[in-house]
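There are 2 protein chains.
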Amino acid sequence: MKILFKNGSVVNVFSDSLEKRNVLIEDEKIIGVGDYTEDDADIVEDVSGKYICPGFIDGHIHIESTMMTPVEFAKAVLPHGTTGVIADPHEIANVCGIEGVQFMLEASAELPVTVYIMLPSCVPSTAFDESGATLTAEDLEPLYMAPRILGLAEMMNYPGVIAKEQEVLQKIEDAHRNGKVVDGHAPLISGKELDIYLSAGIQSDHECSSYEEGAERIRKGQWLMIRQGTAARNLNGLIELFDEPWSRKCLLVTDDRHPADILKDGHIDHIIRLAIEMGKSPFAAIRMATIQTAECFGLHRVGAVAPGFQANVLILDDLDSVSVRDVYCGGKKVVSNGKVTEITTPAIKEQRIKAVRNSFYVDRLRESDLHIEEKGTHCRVIKTIPGQLLTDEWITEINWAKNNGIDADRDILKIAVVERHMHTGHKGIGFISGIGLKKGAVASTVSHDSHNLVIIGANDEDMMCVANHVIKMGGGYAVSCDGKILADLPLPIAGLMSELGATELAEKNEKLLDTLTFLGVAKEVAPLMTMAFVSLAVIPSLKLTTKGLVDVGKQEQVSLYADL
Amino acid sequence: MKILFKNGSVVNVFSDSLEKRNVLIEDEKIIGVGDYTEDDADIVEDVSGKYICPGFIDGHIHIESTMMTPVEFAKAVLPHGTTGVIADPHEIANVCGIEGVQFMLEASAELPVTVYIMLPSCVPSTAFDESGATLTAEDLEPLYMAPRILGLAEMMNYPGVIAKEQEVLQKIEDAHRNGKVVDGHAPLISGKELDIYLSAGIQSDHECSSYEEGAERIRKGQWLMIRQGTAARNLNGLIELFDEPWSRKCLLVTDDRHPADILKDGHIDHIIRLAIEMGKSPFAAIRMATIQTAECFGLHRVGAVAPGFQANVLILDDLDSVSVRDVYCGGKKVVSNGKVTEITTPAIKEQRIKAVRNSFYVDRLRESDLHIEEKGTHCRVIKTIPGQLLTDEWITEINWAKNNGIDADRDILKIAVVERHMHTGHKGIGFISGIGLKKGAVASTVSHDSHNLVIIGANDEDMMCVANHVIKMGGGYAVSCDGKILADLPLPIAGLMSELGATELAEKNEKLLDTLTFLGVAKEVAPLMTMAFVSLAVIPSLKLTTKGLVDVGKQEQVSLYADL
Chain F
37 MKILFKNGSV
47 VNVFSDSLEK
57 RNVLIEDEKI
67 IGVGDYTEDD
77 ADIVEDVSGK
87 YICPGFIDGH
97 IHIESTMMTP
107 VEFAKAVLPH
117 GTTGVIADPH
127 EIANVCGIEG
137 VQFMLEASAE
147 LPVTVYIMLP
157 SCVPSTAFDE
167 SGATLTAEDL
177 EPLYMAPRIL
187 GLAEMMNYPG
197 VIAKEQEVLQ
207 KIEDAHRNGK
217 VVDGHAPLIS
227 GKELDIYLSA
237 GIQSDHECSS
247 YEEGAERIRK
257 GQWLMIRQGT
267 AARNLNGLIE
277 LFDEPWSRKC
287 LLVTDDRHPA
297 DILKDGHIDH
307 IIRLAIEMGK
317 SPFAAIRMAT
327 IQTAECFGLH
337 RVGAVAPGFQ
347 ANVLILDDLD
357 SVSVRDVYCG
367 GKKVVSNGKV
377 TEITTPAIKE
387 QRIKAVRNSF
397 YVDRLRESDL
407 HIEEKGTHCR
417 VIKTIPGQLL
427 TDEWITEINW
437 AKNNGIDADR
447 DILKIAVVER
457 HMHTGHKGIG
467 FISGIGLKKG
477 AVASTVSHDS
487 HNLVIIGAND
497 EDMMCVANHV
507 IKMGGGYAVS
517 CDGKILADLP
527 LPIAGLMSEL
537 GATELAEKNE
547 KLLDTLTFLG
557 VAKEVAPLMT
567 MAFVSLAVIP
577 SLKLTTKGLV
587 DVGKQEQVSL
597 YADL
Chain X
37 MKILFKNGSV
47 VNVFSDSLEK
57 RNVLIEDEKI
67 IGVGDYTEDD
77 ADIVEDVSGK
87 YICPGFIDGH
97 IHIESTMMTP
107 VEFAKAVLPH
117 GTTGVIADPH
127 EIANVCGIEG
137 VQFMLEASAE
147 LPVTVYIMLP
157 SCVPSTAFDE
167 SGATLTAEDL
177 EPLYMAPRIL
187 GLAEMMNYPG
197 VIAKEQEVLQ
207 KIEDAHRNGK
217 VVDGHAPLIS
227 GKELDIYLSA
237 GIQSDHECSS
247 YEEGAERIRK
257 GQWLMIRQGT
267 AARNLNGLIE
277 LFDEPWSRKC
287 LLVTDDRHPA
297 DILKDGHIDH
307 IIRLAIEMGK
317 SPFAAIRMAT
327 IQTAECFGLH
337 RVGAVAPGFQ
347 ANVLILDDLD
357 SVSVRDVYCG
367 GKKVVSNGKV
377 TEITTPAIKE
387 QRIKAVRNSF
397 YVDRLRESDL
407 HIEEKGTHCR
417 VIKTIPGQLL
427 TDEWITEINW
437 AKNNGIDADR
447 DILKIAVVER
457 HMHTGHKGIG
467 FISGIGLKKG
477 AVASTVSHDS
487 HNLVIIGAND
497 EDMMCVANHV
507 IKMGGGYAVS
517 CDGKILADLP
527 LPIAGLMSEL
537 GATELAEKNE
547 KLLDTLTFLG
557 VAKEVAPLMT
567 MAFVSLAVIP
577 SLKLTTKGLV
587 DVGKQEQVSL
597 YADL
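Just so you know, the sequences run in chain order F and X.
Note that this note's numbering gives residue 98 to position 62 of the first sequence, counting from 1, and the numbers run on in steps of one.
Note that this note's numbering gives residue 124 to position 88 of the second sequence, counting from 1, and the numbers run on in steps of one.
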């Protein structure tokens, strides 16, 4: 079937210009850009005054962080013009291993949004992590044969690369030998350390936050991914890279994106819009989200409105505001006047569904499991900073007599991280400050990168109550108070994803946050974000894992008791 | 082993700028660009005042047209900074089929110049050709597994693509399915015809000669190869494409290049030099010969001076004149102060050598074989035009009584094209004008694309003599007069290549031309070039094949006798 778009302006990513030309597509392919007429087509779309633009590609995202399955994710981002993503299923891999990667492959098969997959390079992330799986080079290698696998995902273990650890280099070499690419993740390293890292053949980075940092990466041959997601927002710091010659080596990515943000602001379209508002060329911004992403990942005939290219085409009402009206994926209209049409949910093998829906191997908690032994007068308290992933260490005297050390008046709450994958019974328990909860408790299984069960509370009963509720749901978030569950958000797929759509997820998420506000958490605190990063022992200073407190700077475990 | 280049200026193809930085290489790889010192290296090269530039890559060349084997070709182009070529072994494939491709693969293995191969797409070139082999999609497909095979070479059969011929589309589909690219060759087509051609997924073209033609290709998503070789020279017509945004999608190529031109003017360095002389940015020109060529062909970590990239590095005395002093390939110094060091000739299987050295299946000619029967008063004569590949048809009265129709005074010579691959005994005989030979004869086996034996002469005895000499040599060029061979250039490998170096080939070639001048050929006539294209029935108007005269416009055979 042939469709003609007539009277529109084509956004040409090769000539950086608008072209008053008609576009003809046949089945899944663009077959002509020129003087085509009604006689050439079966269907004619008059797009007078509108723009015909290639579909956007997110160069780096963890779909799990949207809490949506790939099909629901597709429904959420298609109205924003996203027709492709390069996804790293790192989160589910930390819970379910290769089964998790296979689940994401199957769950994203033949969606209108093409989901390309990069193989998770660092599972587990650190030696402190107790994840659900370990992925070795040997585990990953056979997967390079699968379709849609483009390479090895963000190599976060830059100390391992720099130290030339055999297993790390083997993973990189396997990707290269299979003709695939290797993405990077190495914030703030530069000069000679960066050179060693790059010498391993790592093609990109998405962790840069300043012009100088970004420009060094580009000068040294990397593709620079400009990230503007929910947690990390680097557009401001990198905006100068939209100018020439830098823009030629930049891509736009989100890394992670919450449902509420997708609904409110959008996805890649949002980054393009912001860049244009900041005075940058729409052509540069669009190139960075289309043809250049395709080139970076070796995708042929994707990312442009040109003959022979995949018919992933957006009809924009306006260029500067990137207002997406219609979206065609592989020649099929999937968004009409901003509304997504019916999308088929991919069939997934029973075995995969079982594997990802049974990710809990942990006993129900008893109140006594959360008890802290009184071994000293002063303890190390994790002091969170509103709006940041960094934490400080705060050493303070603990009033053990009162509520096993919890003192909501002094903003000292209890925190527990419970191993949930291997039934080890391991748990770390400590104190945390900066959350502001006056009563009740909150629990979550979204906790980078191992996604163990994190509980923060003002008393042990509520912590027990909320933890057991989350275990019963098979993962997710919940808030309790006085022995009752006040709000929850089940994430039964690996404790990370739901089958709900963006709107319902955003509503449930908002209810969680409202409930926490009601229980005393200040507006500027992002409690779920804090819980998501409080176990990640790569961001300074003091973190809590299933094995106890970690001094991130020293990369060693430390005692809860400051005087021991 | 580590080598440090200190005090030089790095030509950075990512930032379009010069950088005062030291460069460290280890073994085959660049491992650092920055403040490295003597302490970091085993060998230190002080390159004060010089430029450190990535090695040049020719995006499209037929090595056979240099008449050199790959190793001699490498020795000739290395002093000009060429460290990689994308070669289409189309000529030898027309003579020897897959054996010819295999020969080129083996003969180019592990040379300092990396020889990447594109599989010949059109063997034979036309239905009129009697070539030594036919390459089907089925023949080509298994070769995609071989190393250094990047795709399908110039798809010249654009009528076949446009008509969607099954076999043609199959070849393209096979390349794509194997993750490879397909180069184009489609001069002068534009608009809707071009759209159909491009819709097959053809990524490049090297046949454009004007800005408008080139810009249309780029706008429609092709890589534009700007060709400046020995026969076709398009730089002048395309010079505006060195400006932005066009330059980002252009490459530099030679297509064919004769030894004398390589010695006198250079290779890719020559094109860069010319562009700079014409006022264009050296950075744009160098990008078009390095990183962009790598990107076009999906070559990772090649084409830049950056950490992790192959250490294919040039030391230039001067940037604007692109004067190459030293050349490093994979970290090994192969050109020192303009002189090539020892290069090992690749080992080639005995079977391959036999196949390409025994490419003649033709009997020795007798004088009577060249006799033309007198069947009419007027004949069609091929009228050549000095400096052009086009010919005209000239109908004139033939004086049969005198020398079987040859009349050197009226510049009417005899021409024969003798099938030499299959022992068919097929031969086309006719008349040719515009060469100017007063006596003697000349023969050649370099005749696109089938490379049959072409003889032009002022009498049958000399034609027989020179033809039999060429047959005895196993191919090449020769000139005879009065029954004696006055000059020759043996090309025993497929009748196309010699094992001689560029200097000797250039000398022998010059002697051939001088001898022809002595026999009456005017300076402005390029007789060997004329012979090379006189059988190619795709360039108008009148051509001679082994089956007789062809009217190219009508694409049909025509009689020698104009009145029949």
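All C-beta atoms in this analysis are idealised placements derived from N, C-alpha and C, irrespective of residue type, glycine included.
Since we're looking at a predicted model, the values are computed, not measured.
Distance, residue j Cα to residue i Cα
i      : j      : result
F:G537 : F:K56  : 38 Å
X:G136 : X:A129 : 5 Å
X:T150 : X:V49  : 20 Å
X:A123 : X:Y152 : 6 Å
X:V478 : X:Q328 : 43 Å
X:K316 : X:N43  : 26 Å
F:T566 : F:T420 : 8 Å
F:N601 : F:S245 : One cannot answer for residue 601 of chain F here, as it falls past the ends of chain F, which runs 37 to 600.
X:R255 : F:V217 : 27 Å
X:A189 : X:E543 : 31 Å
X:A296 : X:Y513 : 16 Å
X:L355 : X:K475 : 50 Å
X:I451 : X:I491 : 6 Å
F:G650 : F:E409 : Shown here, chain F extends from 37 to 600; a query on residue 650 of chain F therefore has no answer.
F:S84  : F:D305 : 21 Å
Buried versus exposed, by CB contacts within 10 Å (16 or more), residue i
i      : result
F:P148 : buried
F:Q264 : buried
F:I79  : exposed
F:A163 : exposed
F:T172 : exposed
F:I431 : exposed
F:T119 : buried
X:Q138 : buried
X:H487 : buried
Residue-chain proximity (residue i, chain X), Cβ-Cβ < 8 Å
i      : result
F:H221 : no
F:K475 : no
F:K544 : no
F:D52  : yes
F:N272 : no
F:F345 : yes
F:P318 : no
F:R284 : yes
F:R213 : no
F:V47  : no
F:G68  : yes
Interface flag, residue i vs chain F, CB-CB below 8 Å
i      : result
X:E331 : yes
X:K65  : yes
X:C557 : According to the sequence provided, residue 557 of chain X is Val. The question's Cys does not apply to it. It does not; no Cβ of chain F falls within 8 Å.
X:P281 : yes
**Residue ranges of each alpha helix (DSSP H) within the segment 354–441 of chain F, 4 or longer** = Within the segment 354–441 of chain F, the complete alpha helix (DSSP H) runs of at least 4 residues are 386–393.
**Message:** To test your reading of the DSSP string, which unbroken beta strand (DSSP E) runs of 3 or more residues are found completely within the segment 55–81 of chain F?
**Reply:** The DSSP assignment places 58–62, 65–70 as complete runs of the beta strand (DSSP E) inside the segment 55–81 of chain F, in order along the chain (cut-off: 3 residues).
**Message:** For the segment 228–258 of chain F, list every residue whose C-beta sits within 9 Å of some C-beta in chain C, in sequence order.
**Reply:** This model lacks chain C altogether, as its protein chains are F and X.
**Asked** Would the segment 560–580 of chain F and the segment 387–406 of chain F be scored as touching if the rule is three or more Cβ pairs under 8 Å?
**Response** Not touching, per the Cβ criterion.
**Prompt:** Can you list, in chain order, the stretches of the beta strand (DSSP E) that have 3 or more residues and sit fully within the segment 212–251 of chain F?
**Reply:** Runs of the beta strand (DSSP E) spanning 3 or more residues and lying entirely within the segment 212–251 of chain F occur at 217–220, in chain order.
**Message:** Using 8 Å as the cut-off, can you tell me whether the segment 557–576 of chain F makes contact with the segment 459–479 of chain F, which would need three or more C-beta pairs spanning the two stretches below that distance?
**Reply:** Judged by Cβ distances under 8 Å, the segment 557–576 of chain F makes contact with the segment 459–479 of chain F, as three or more pairs qualify.
**Message:** Assess contact between the segment 281–295 of chain F and the segment 307–322 of chain F, defined as three or more Cβ pairs (one per stretch) separated by less than 8 Å. Is contact present?
**Reply:** As far as the Cβ criterion goes, the segment 281–295 of chain F touches the segment 307–322 of chain F, which means the pair count is three or higher.
**Prompt:** Counting pairs of beta carbons, one from the segment 307–316 of chain F and one from the segment 95–111 of chain F, are three or more of them closer than 8 Å?
**Reply:** Judged by pairs of C-beta atoms under 8 Å, the segment 307–316 of chain F does not touch the segment 95–111 of chain F, as fewer than three such pairs exist.
**Message:** Whether or not the segment 452–459 of chain X and the segment 422–430 of chain X are in contact is what I'm after, with contact meaning three or more pairs of Cβ atoms, one per stretch, closer than 8 Å; do they touch?
**Reply:** Verdict: no, contact absent.
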